[in-house]
Amino acid sequence: MMFNLRHKGNYPYRNIWVQLIREAPNEGVSKLKKKEFKLAEKDGRWTGNGLGNIYDHRFPIKQNFRFGRKGTYEIKMVHLMREDNLKGIMDVGLRISKSAQL
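Here my numbering is used: the first residue of the sequence shown is 6, the next is one more, and so on.
Dropping the structure here:
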């Protein structure tokens, strides 16, 4: 499971705090732990892949994660920053890839 983020160079912070919320069949809602993702070095250089003034970041969230039951899952991402609207954020996403059989 990967967290993907794309932002412009005018994003005013060096990091972003995110919380994932999962709703699973017959389990209800559970909040997964809060995570901080570093987007820039202390000197202000962005850590992601850049093209012009746009930067892409990919961060692993969970490895070898398995959905425990068949059914429909809902996963929400909520940022935990002080401002409601984050200047410079273009896209966010969650990538879930099929892993090898365990």
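Ideal placement from N, C-alpha and C gives every residue a C-beta, glycine not left out.
Predicted model, so just to flag it, every value in this text is computed and none were measured.
Open item on the list: Just to confirm the assignment: which complete beta strand (DSSP E) runs, minimum length 3, are found wholly within the region 11 to 91?
Closed with: List check, beta strand (DSSP E) in window: 20 to 29, 33 to 43, 54 to 56, 59 to 65, 79 to 84.
Task: Three-state secondary structure assigned by DSSP to M7 - done: strand
TODO: Provide the residue(s) that pair with I94 in DSSP beta bridges, ordered along the chain.
DONE: H12
Task: Proximity to K38 [Cα-Cα], best of P17, Y78, M7, V23 - done: V23
Task: Cα-Cα separation between L56 and I26, rounded to whole angstroms - done: 31 Å
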